[in-house]
Amino acid sequence: VTSIAVEARPASAPARSSERMRRAARRWRYLTNAGAAVVSALLLVWTLTPIYNIIMVSLESEGDVAVTHLFPSPPSAESFWVVVTEGHWYLEAFWHQFGNSVFLAAMVTLFVLLIGSLTSFSIGRMRIRNGWIITNAALLTYVIPASFLAIPFYLIMNHYGLQNNPWSVIAVLVTFATPYAIFIFQEYGRSIPLELDESARIDGASPVQIYLRIYLPLMAPALVAVGTYALLLAWNEYLYQFLLLSNDRSMTVAVALGKFLNSDVAPWNYMMATAIIYALPPLATYYAFRNRMSSGLTMGGVKG
Amino acid sequence: MTVSAIELGRPAVRRQSLWRYWRGGLQGSEFTWAVAFVVPYIGVFCAFVIYPACYGLWMGSNPALYTEVFSDPIYLNTVVNTMIFLAFGVNVKLFLALMLSGFFMRPGWWTKVLLLIFVLPWAVPALPTFISIHWMLNGEWGLVNNFLWIVFGADGPSWLNSRWLALGSAIFSHVWKWTPFWTVILLAGRMSIPQEIYDAAKVDGATGLRRFTHVTFPLLANLYLVLTLLATIFLLGDFNSVYFVTGGGPANSTHLLATLGVVRDMLELGKPQLGVAAVMSALPLLIPLVIILMRKLKTSEAQL
Numbered sequence: 001v002t003s004i005a006v007e008a009r010p011a012s013a014p015a016r017s018s019e020r021m022r023r024a025a026r027r028w029r030y031l032t033n034a035g036a037a038v039v040s041a042l043l044l045v046w047t048l049t050p051i052y053n054i055i056m057v058s059l060e061s062e063g064d065v066a067v068t069h070l071f072p073s074p075p076s077a078e079s080f081w082v083v084v085t086e087g088h089w090y091l092e093a094f095w096h097q098f099g100n101s102v103f104l105a106a107m108v109t110l111f112v113l114l115i116g117s118l119t120s121f122s123i124g125r126m127r128i129r130n131g132w133i134i135t136n137a138a139l140l141t142y143v144i145p146a147s148f149l150a151i152p153f154y155l156i157m158n159h160y161g162l163q164n165n166p167w168s169v170i171a172v173l174v175t176f177a178t179p180y181a182i183f184i185f186q187e188y189g190r191s192i193p194l195e196l197d198e199s200a201r202i203d204g205a206s207p208v209q210i211y212l213r214i215y216l217p218l219m220a221p222a223l224v225a226v227g228t229y230a231l232l233l234a235w236n237e238y239l240y241q242f243l244l245l246s247n248d249r250s251m252t253v254a255v256a257l258g259k260f261l262n263s264d265v266a267p268w269n270y271m272m273a274t275a276i277i278y279a280l281p282p283l284a285t286y287y288a289f290r291n292r293m294s295s296g297l298t299m300g301g302v303k304g
Numbered sequence: 305m306t307v308s309a310i311e312l313g314r315p316a317v318r319r320q321s322l323w324r325y326w327r328g329g330l331q332g333s334e335f336t337w338a339v340a341f342v343v344p345y346i347g348v349f350c351a352f353v354i355y356p357a358c359y360g361l362w363m364g365s366n367p368a369l370y371t372e373v374f375s376d377p378i379y380l381n382t383v384v385n386t387m388i389f390l391a392f393g394v395n396v397k398l399f400l401a402l403m404l405s406g407f408f409m410r411p412g413w414w415t416k417v418l419l420l421i422f423v424l425p426w427a428v429p430a431l432p433t434f435i436s437i438h439w440m441l442n443g444e445w446g447l448v449n450n451f452l453w454i455v456f457g458a459d460g461p462s463w464l465n466s467r468w469l470a471l472g473s474a475i476f477s478h479v480w481k482w483t484p485f486w487t488v489i490l491l492a493g494r495m496s497i498p499q500e501i502y503d504a505a506k507v508d509g510a511t512g513l514r515r516f517t518h519v520t521f522p523l524l525a526n527l528y529l530v531l532t533l534l535a536t537i538f539l540l541g542d543f544n545s546v547y548f549v550t551g552g553g554p555a556n557s558t559h560l561l562a563t564l565g566v567v568r569d570m571l572e573l574g575k576p577q578l579g580v581a582a583v584m585s586a587l588p589l590l591i592p593l594v595i596i597l598m599r600k601l602k603t604s605e606a607q608l
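Top to bottom, those sequences are chains A and B.
Numbered by my numbering, the letters in the first sequence go through residues 1 to 304 in order.
Numbered by my numbering, the letters in the second sequence go through residues 305 to 608 in order.
Here it is as structure tokens:
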């Protein structure tokens, strides 16, 4: 492109005018660079202020919270120690609750991958008749806000005595994450030639064998992407966990954090330390698998 | 005689062809497997989407509920809040995302690093950061007012004690949390525009702002519209940003439909029917949006 532009300039142009043009171009470059620097600085402040606040408060020692400052002096890691050793009555079951969160996220991921891949195998690869109905129904679930079904779902679970049962939350999170899984698996599955299935079929492979030996291995990248999505969704979700898991033994870290907030005298430094410990696993997962969740796949991350 | 024999055989033939139709191209046990593979998802869909949805519709089917809902001043406030939240939340977020996606197209390592930092609000779970913003805005000990006092010597307002400031704070938090997500999607949209188009436009003399208005935006317009619809639908169901930042307060003046239905009606007043009716009053807005979105998605699937 630049070469065209250079050639288009008359070769006989006076050196003075080309010098002026070069100077103008340089000035323009300086200006845009300066503008970019300003935008960058604003973005950094915008993005990092609430995060800075979490870290700052978590480094305050107990009496430090109610002091006017922008950074605690001296910073102390005491609150992290209190959280890790469950040294406050609000945090008595912290590791148990952490385990609940892990269990919940793991089960949701497992079932989303299993149900999603089986469904899209049947629709996309075996081409079951009228499979589009299922695809569209799934898409519809994806666009219904999860919070709109919260009240009836809560009452139904209470009716069947499933409150404080992690499986009620696992069920609802699987329901809301599977449509995205089906969508992505079908999109990704189009890149795998159907002839592979056909030839395996001719060699006498059963559908189960084709699913296990051909479909799943070839779908590995999509499985990783959707698995990451489901894991983050389950770990980060709050509303259903809050409604359905209310006692100290069944609740997850997210619910415990919310309970902290609603207490009369919230120990803010412990709360922020808990929040940081809670946020680290999904953050690490996100940055580790960021490249695997290619840009088209980001669509799903919106479901709150 | 022969005619009646044919007549007699016809239902059987029809039944057989219907059977063949349902089976599609699948033979023998394959059809059974294909059905077995979709059954888990159909089960999940019926039990956890259809059943709660119908239960909710049944709960909200009493017309007397709506007279109660519409005569509730807090509900009317909530509708106003939801409208303001939609108008500002969706548009500010998407406009910022559109502009920033252009900024992140700039070449160089700095932009890449900045993008990694910029997606933090989206990568961190909503809960810790919203709690952090809640504490930042605390009138006495929050970071914002500390900053105002130390740097300008001025007393900041108590952000969460006035309806409009609190609502503004909730919108701010929502925009802060979700702008990175939409930026990443619009960035992917911009990257999918072939460089040749820009080159051709450059030859025709379109640079700078004209390049944006005549080339980039027309190409992104459809994606932008779909994202607006999606963002509106998701925002209608938003629970976390209001629940954690303002808690619906002061005096229940900053609720959105989802928080009003779940927190105030169901948990505080113990009237889940009222909550269902409040949430269902969004359906006249939600259903047309979903229909338009579904139609748009069919035509622009390739772009997403």
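Don't be surprised by glycine CBs; every beta carbon is placed ideally from N, CA and C.
Which one of A:110, A:273 and A:277 has the shortest CA to CA distance from residue 227 of chain A? Residue mapping note: residue 227 of chain A aligns to position 227 of the first sequence, counting from 1. Distance from the Cα of residue 227 of chain A is smallest, within the candidate group A:110, A:273 and A:277, for A:110.
What number of angstroms, rounded off, separates the C-alpha of residue 259 of chain A from the C-alpha of residue 245 of chain A? Stepping through the first sequence from its first residue, residue 259 of chain A is reached at position 259. Stepping through the first sequence from its first residue, residue 245 of chain A is reached at position 245. Straight-line Cα distance between these residues: approximately 12 Å.
What residues of chain A sit near residue 472 of chain B, judged by a beta carbon separation below 7 Å? Residue numbering aside, residue 472 of chain B sits at position 168 when the second sequence is read from its first letter. Near residue 472 of chain B there are no residues of chain A at all, since even the closest Cβ is about 15 Å away, more than 7 Å.
Is the Cβ of residue 334 of chain B closer than 8 Å to any Cβ of chain D? Chain labels in this structure do not include chain D; the protein chains are A and B.
Per DSSP, what kind of secondary structure is residue 255 of chain A in: helix, strand or coil? As a first step, residue 255 of chain A must be located in the first sequence, where it is residue number 255. In the structure shown, residue 255 of chain A falls within a helical segment according to DSSP collapsed to helix, strand and coil.
Give me the Cα-Cα distance between residue 544 of chain B and residue 471 of chain B, rounded to the nearest whole angstrom. Sequence index remark: in the second sequence, residue 544 of chain B carries index 240 (1-based). Sequence index remark: in the second sequence, residue 471 of chain B carries index 167 (1-based). Cα-Cα distance, rounded: 13 Å.
I'd like to know whether the C-beta atoms of residue 123 of chain A and residue 135 of chain A end up nearer to each other than 8 Å. Here the question's residue 123 of chain A lines up with position 123 in the first sequence. Here the question's residue 135 of chain A lines up with position 135 in the first sequence. Cβ distance < 8 Å, so residue 123 of chain A and residue 135 of chain A count as in contact.
Give every residue of the same chain whose Cβ lies closer than 6 Å to the Cβ of residue 211 of chain A, excluding the five residues on either side of it in the sequence, and list them in chain order. As a first step, residue 211 of chain A must be located in the first sequence, where it is residue number 211. Around residue 211 of chain A: 121.
With DSSP collapsed to three states, give me the class of residue 178 of chain A. Looking up residue 178 of chain A in the first sequence gives position 178. Three-state result, residue 178 of chain A: helix.
Where residue 237 of chain A falls: helix, strand or coil (DSSP): As a working note, residue 237 of chain A is residue 237 in the first sequence. Taken through DSSP and simplified to helix, strand or coil, residue 237 of chain A comes out as coil.
Do residue 546 of chain B and residue 558 of chain B have their CB atoms nearer than 8 Å? For the purposes of this step, residue 546 of chain B is taken as residue 242 along the second sequence, with counting starting at 1. For the purposes of this step, residue 558 of chain B is taken as residue 254 along the second sequence, with counting starting at 1. By the CB criterion at 8 Å, residue 546 of chain B and residue 558 of chain B fall inside the cutoff.
When the cut-off is 8 Å and only beta carbons count, does residue 84 of chain A lie next to chain B? Residue mapping note: residue 84 of chain A aligns to position 84 of the first sequence, counting from 1. Among the residues facing chain B, residue 84 of chain A is not included, as its CB has no counterpart in that chain under 8 Å away.
Does the Cβ-Cβ distance between residue 518 of chain B and residue 525 of chain B come in under 8 Å? Along the second sequence, read from residue 1 onward, the residue named residue 518 of chain B stands at position 214. Along the second sequence, read from residue 1 onward, the residue named residue 525 of chain B stands at position 221. Residue 518 of chain B is not a Cβ neighbour of residue 525 of chain B, given a cutoff of 8 Å.
Go ahead and label residue 291 of chain A buried or exposed: buried means 16 or more other beta carbons lie within 10 angstroms of its beta carbon, across all protein chains shown. Here residue 291 of chain A refers to the residue found at position 291 of the first sequence. Only exposed fits residue 291 of chain A, as fewer than 16 other CB atoms lie within 10 angstroms of its CB.
Which residues in chain A have a C-beta closer than 7 Å to the C-beta of residue 341 of chain B? List them in chain order. Here residue 341 of chain B corresponds to residue number 37 of the second sequence, with the count starting at 1. Going along chain A in sequence order, the residues near residue 341 of chain B (Cβ under 7 Å) are 118, 119, 121 and 122.
Kindly list, in the order they appear in chain B, the residues whose Cβ is closer than 7 Å to that of residue 268 of chain A. Translated into the one-based positions of the first sequence, residue 268 of chain A becomes position 268. Ordered by position in chain B, the residues that pass the 7 Å Cβ test against residue 268 of chain A are 439.
For residue 289 of chain A, return the contacting residues in chain B, with the cut-off set at a CB-CB distance below 7 Å. On the first sequence, position 289 is the one that residue 289 of chain A refers to. In chain order: nothing, as chain B lies at least about 11 Å away.
Is there a Cβ from chain B that is less than 8 Å from the Cβ of residue 215 of chain A? Residue numbering aside, residue 215 of chain A sits at position 215 when the first sequence is read from its first letter. Interface residue (Cβ-Cβ distance to chain B less than 8 Å): residue 215 of chain A is not classified as such.
To the nearest angstrom, report how far apart residue 18 of chain A and residue 25 of chain A are at their CA atoms. Taking the first sequence and counting its residues from 1, the one referred to as residue 18 of chain A is at position 18. Taking the first sequence and counting its residues from 1, the one referred to as residue 25 of chain A is at position 25. Their backbone Cα atoms lie some 10 Å apart in a straight line.
Going along the chain, which unbroken runs of the alpha helix (DSSP H) with 4 or more residues stay wholly within the segment 123-181 of chain A? Counting whole runs of 4 or more residues, the segment 123-181 of chain A contains the alpha helix (DSSP H) stretches 131-143 and 150-159.
Identify, in the order they occur along the chain, each residue of the same chain with its Cβ nearer than 6 Å to the Cβ of residue 302 of chain A, setting aside the five sequence neighbours on each side. Translated into the one-based positions of the first sequence, residue 302 of chain A becomes position 302. Note on residue 302 of chain A: pLDDT 37, under 50, position unreliable in the model; the coordinate value appears next. Around residue 302 of chain A: no qualifying Cβ.
Whether residue 577 of chain B touches residue 369 of chain B by CB criterion (8 Å): Stepping through the second sequence from its first residue, residue 577 of chain B is reached at position 273. Stepping through the second sequence from its first residue, residue 369 of chain B is reached at position 65. Contact flag set, yes.
From residue 23 of chain A to residue 497 of chain B, what distance separates their C-alpha atoms? Numbered from 1 along the first sequence, position 23 holds the residue referred to as residue 23 of chain A. Numbered from 1 along the second sequence, position 193 holds the residue referred to as residue 497 of chain B. Computed Cα separation, rounded: 31 Å.
Residues of chain A with a CB under 9 Å from the CB of residue 570 of chain B: which are they? Taking the first residue of the second sequence as 1, we reach residue 570 of chain B at position 266. Listed along the chain, the chain A residues whose CB falls inside 9 Å of the CB of residue 570 of chain B are 150, 151, 154, 155 and 243.
With a threshold of 8 Å between beta-carbons, can residue 409 of chain B be considered close to chain A, or not? Counted from its first residue, the second sequence places residue 409 of chain B at position 105. Chain A places no beta carbon closer than 8 Å to that of residue 409 of chain B, leaving this residue out of the contacts.
Can you tell me whether DSSP reads residue 92 of chain A as helix, strand or coil? For the purposes of this step, residue 92 of chain A is identified with residue 92 of the first sequence, where counting begins at 1. In the three-state scheme derived from DSSP, where H, G and I count as helix and E and B as strand, residue 92 of chain A is classed as coil.
Beta-carbon of residue 526 of chain B versus every beta-carbon of chain A: anything under 8 Å? One-based indexing of the second sequence puts residue 526 of chain B at position 222. Under the Cβ criterion of 8 Å, residue 526 of chain B is not counted among the residues facing chain A.
Between A:146, A:249 and A:46, which lies nearest to residue 93 of chain A when the distance is taken from Cα to Cα? Taking the first sequence and counting its residues from 1, the one referred to as residue 93 of chain A is at position 93. For the options A:146, A:249 and A:46, the alpha carbon positioned closest to that of residue 93 of chain A is the one of A:249.
Residue 205 of chain A CB to nearest chain B CB: under 8 Å? Stepping through the first sequence from its first residue, residue 205 of chain A is reached at position 205. Among the residues facing chain B, residue 205 of chain A is not included, as its CB has no counterpart in that chain under 8 Å away.
Please tell me whether residue 589 of chain B and residue 257 of chain A are closer than 8 Å, where the distance is taken between their beta carbons. Here residue 589 of chain B refers to the residue found at position 285 of the second sequence. Here residue 257 of chain A refers to the residue found at position 257 of the first sequence. Not a contact, by the Cβ cut-off of 8 Å.
Rounded to whole angstroms, how far is the Cβ of residue 176 of chain A from the Cβ of residue 141 of chain A, which I believe are closer than 8 Å? Residue numbering aside, residue 176 of chain A sits at position 176 when the first sequence is read from its first letter. Residue numbering aside, residue 141 of chain A sits at position 141 when the first sequence is read from its first letter. In this structure residue 176 of chain A is in contact with residue 141 of chain A, their Cβ atoms being roughly 7 Å apart against a cut-off of 8 Å.
For residue 31 of chain A, does the count of other Cβ atoms within 10 angstroms reach 16, so buried, or fall short, so exposed? Start at 1 with the first residue of the first sequence, and residue 31 of chain A comes out as number 31. Under this definition residue 31 of chain A is an exposed residue.
The segment 354-365 of chain B: which residues have C-beta closer than 8 Å to a C-beta of chain A, in chain order? Hits within the stretch, in order: 355, 356, 357, 359, 360 and 363.
Are the C-beta atoms of residue 126 of chain A and some chain B residue less than 8 Å apart? Looking up residue 126 of chain A in the first sequence gives position 126. It does; some Cβ of chain B falls within 8 Å.
Length of the line joining the Cα atoms of residue 542 of chain B and residue 560 of chain B: To locate residue 542 of chain B, count along the second sequence from 1; it is residue 238. To locate residue 560 of chain B, count along the second sequence from 1; it is residue 256. Their Cα atoms are separated by approximately 8 Å.
Against residue 443 of chain B, what residues of chain A qualify as contacts under a CB-to-CB distance less than 9 Å, listed in chain order? Your numbering for residue 443 of chain B matches position 139 in the second sequence. Simply none; closest approach about 12 Å.
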